[in-house]
Every structure is written in structure tokens, then in C-alpha cells.
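So the protein lines, in turn, are chains A and B. Just so we're aligned: the first sequence equals residues 14 to 124 in the numbering used here. Just so we're aligned: the second sequence equals residues 48 to 178 in the numbering used here. Ideal Cβ positions, reconstructed from N, Cα and C, are used throughout, including at glycine.
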Amino acid sequence: MRFTLKKDKSGVVIVGVEGQLIVGNRQELKQKVLEALEEGSRKFVIDFSKTGYIDSSGLGVLVSLSKKIREQSGELRLAGLNADLQTLFELTKLDTLFAITRTAEEALAAF
Amino acid sequence: MRLDVPSDLGMVGDAVELVATHLPPGTLSPRRISFNLRTALAEALGNAIRYGNGEDPDRLVRVYVELRRDFVRIHVDDDGQGYDPSRLPDPTHPDNLEREYGRGLFVIRHLVDDVAFNEKGNGICLTLRAG
Chain A
14 MRFTLKKDKS GVVIVGVEGQ LIVGNRQELK QKVLEALEEG SRKFVIDFSK
64 TGYIDSSGLG VLVSLSKKIR EQSGELRLAG LNADLQTLFE LTKLDTLFAI
114 TRTAEEALAA F
Chain B
48 MRLDVPSDLG MVGDAVELVA THLPPGTLSP RRISFNLRTA LAEALGNAIR
98 YGNGEDPDRL VRVYVELRRD FVRIHVDDDG QGYDPSRLPD PTHPDNLERE
148 YGRGLFVIRH LVDDVAFNEK GNGICLTLRA G
């Protein structure tokens, strides 16, 4: 389990989630993204292409981050969900709350 | 398979991996082990540690896995007072959609074939049928 943050040339922060996003590590992700927000970043992509599973606490932290980023006039996009994760977002109706793209590259192009 | 898990949320991921990687192949498909079982067990453990045992380090969450040819059944029991699962709000209602919490049991119900509770409400039983 690992979170990686990198900034592309246009200043978008791309967050990679390797392994899982669950109750035991969600605060680490939240802290890393909020630090980048405090440092002035406003556009974020969270890339789940290397993510195995996400529990409801992980979903909750994404909802929380989305709100905090929007409050700062920023934008959060999600990318790289596999079929199971996409279904998870659909059944919880969180697919209506987030901008979701197939790949991180598509998310970057959409900003 | 039996497992006692300390009431530490940081242990959830390791406990899930321990159970998932010790399931013999055959009953559940690799995909269902990778996603349905891992996610549902992480939910159940997280709920038991946080809401059941109040993250009290002196309390354990007990996991018991029944392996059968046609199903896998996982019991997760805590030492809490229990709760009434029928009284939880619908997390997909528009008023609840932006809430950070309250999706755990809803997610579990969609990922496993059957969910049952003990009478006190401090034990949950997840059944995944073969396939």
C-alpha cells in the first residue's frame, strides 16, 4: 500500500493509490492531498489504476476531499477504476458526485 | 481458520490479506477473493474495531472463517453493545450522498450473497457462495 504524488507540467497533482484505500490508511491520503491543497494546488487527479479495493471509509475520504477542494475553488477527478471499482461507485451513486475518466491522461486532458 | 485481530484500524489491511491469501483455491474465483471478499471483510473489521470495540486496545475482534465446497462464510464478532442494522439511513439518498460515513453495511450487502447478525448485533456473518 502506497500513495504517490506528482505534479504535471500544468500544475495538476496526480495521486497514485497502490494496493488499497481503506479505513487503515485513508488518513494518510487525506493528509497528503490537504497538504498539497494548502500549498496552493487546486487541480487533482486520483489514479486508481493500481488499486485493488476501496472500502466505505476510503469512499468517505474521497467525498470529504472533494468538498474541501471545491471549497477552495479547485477540482478533483478520479481515474483508472477497474470494473469492480466502477460498480462500487455506481451502486453507492458516488459516480454522480465525481468526474470519473478511464485514464489519468484523459482526466488531465479534461482540465 | 480463526483469527484474533487487535482493535487497531491499522491492522485491518494485514488481517484481510491474511484471510484472503490463506483461502484455498476453488470455492471462490480469484476476482471475488480480490474484490468482494477483501472489501466486505475490511468493512466488517473496520466497523467492529471502530464502532464495536471503540478502538480499545484491550479488546479483540474475533474472525472465524468456515470453508465449504459451496460457500465461504466469515464471522466477525466484537465486544461492543451491538446495533440495529435496520435503522441505518440509505447512503444513496440525495441528502446523504455527501456524508463521509454510513456506507459500510450498504457496501457489504452488495458484495456478499448473504449477511446475518447475531441477536445482540455485535456479530456479523458474511456468506459468499461458490463462484
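- Contact between Q33/A and G60/B holds: their C-beta atoms lie close to 6 angstroms from each other, under 8 angstroms.
- For L50/B, the uninterrupted beta strand (DSSP E) segment begins and ends at R49 to P53.
- Here the segment 97-113 of chain A does not lie against the segment 39-47 of chain A, with fewer than 3 beta-carbon pairs under 8 angstroms apart.
- Between the C-alpha atoms of L92/B and G101/B there is a straight-line separation of about 12 angstroms.
- The segment 54-70 of chain B and the segment 89-101 of chain A do not touch, with fewer than three beta-carbon pairs separated by less than 8 angstroms.
- Residue environment for D68/A: buried (at least 16 other C-beta atoms within 10 angstroms of its C-beta).
- Counting only the Cα atoms, D160/B lies some 11 angstroms from L84/B.
- With respect to the 8 angstroms criterion, S70/A and V30/A are not classified as neighbours on the basis of their beta carbons.
- Exclusion of the five residues before and after D21/A leaves I27 and L121 as the residues of its chain whose Cβ lies within less than 8 angstroms of its Cβ.
- Any Cβ of chain B closer than 8 angstroms to the Cβ of T114/A would place that residue at the interface, and such an atom is absent.
- Judged by DSSP in its simplified three-state form, R146/B adopts coil rather than helix or strand.
- Interface flag for S62/A against chain B is unset, since no Cβ pair is found closer than 8 angstroms.
- For the segment 59-84 of chain B, residues whose beta-carbon sits nearer than 7 angstroms to a beta-carbon of chain A comprise V59, G60, S81 and F82.
- Using beta-carbon distances, I35/A counts as an interface residue toward chain B, with a partner under 8 angstroms.
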